[in-house]
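Student: Numbering (our numbering) for the sequence shown: 13 to 121.
Backbone N, C-alpha and C fix where the C-beta goes; we use that ideal spot for every residue, glycine too.
Bear in mind that the values here come from a model prediction, so they are computed numbers and not experimental data.
Would you mind keeping the following structure in view while I ask a few things?
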Amino acid sequence: IPEDCSLGYGCVSFAKYIAAKHDNVPPAEMLRRLKGKIPVLVLANYADEPAHPVANGRLVADLLGGEFHVVNTHKERLETWPGIIANFVERVARDEGMEFSGGEEEEEE
13 IPEDCSLGYG CVSFAKYIAA KHDNVPPAEM LRRLKGKIPV LVLANYADEP AHPVANGRLV
73 ADLLGGEFHV VNTHKERLET WPGIIANFVE RVARDEGMEF SGGEEEEEE
């Protein structure tokens, strides 16, 4: 069985990639039952193909009614995901009525 050593995860057999591509998504009906009940953010990276297929991430986000973002490179991931995650957490917190202090303590008068 041929192996791929190009992705930085060590050498992995092609058969494992095929298995991951087809078997790592929960059943669609299970995900549909959760739609709208929990906030969902799915981040995908084409640079992680085929170990973590972008199509699977898109499917999970669609089935759960979640937010989906995709990048093409690890560099793009480092540049964009922190802001996407921060905005998502702030929006969910606001929707749930939570407030963040921003990590700064108020001074006593």
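DSSP three-state call for N57: helix, strand or coil?
Tutor: In this structure, N57 counts as strand in the three-state DSSP scheme.
Student: In the structure shown, what three-state DSSP assignment does H64 receive?
Tutor: Reduced to three states, the DSSP call for H64 is coil.
Student: Where does V104 sit, in a helix, a strand or coil, going by DSSP?
Tutor: It is helical.
Student: Just the Cα atoms here: how many angstroms apart are L71 and A40?
Tutor: Rounded to whole angstroms, L71 to A40 spans 9 Å at the Cα level.
Student: Give me the residue from V52, G69, I50, D74 with the minimum Cα distance to V82.
Tutor: If we check each option's Cα against that of V82, G69 comes out closest.
Student: Relative to the C-alpha of V79, which candidate in P51, E108, V37 has its C-alpha closest?
Tutor: Note that residue 79 is Glu in the sequence shown here, rather than Val. With distances taken between Cα atoms, E79 lies closest to P51.
Student: Considering E79, what are the terminal residues of the beta strand (DSSP E) in which it resides?
Tutor: Looking at the DSSP string, the run of the beta strand (DSSP E) that includes E79 is 79-83.
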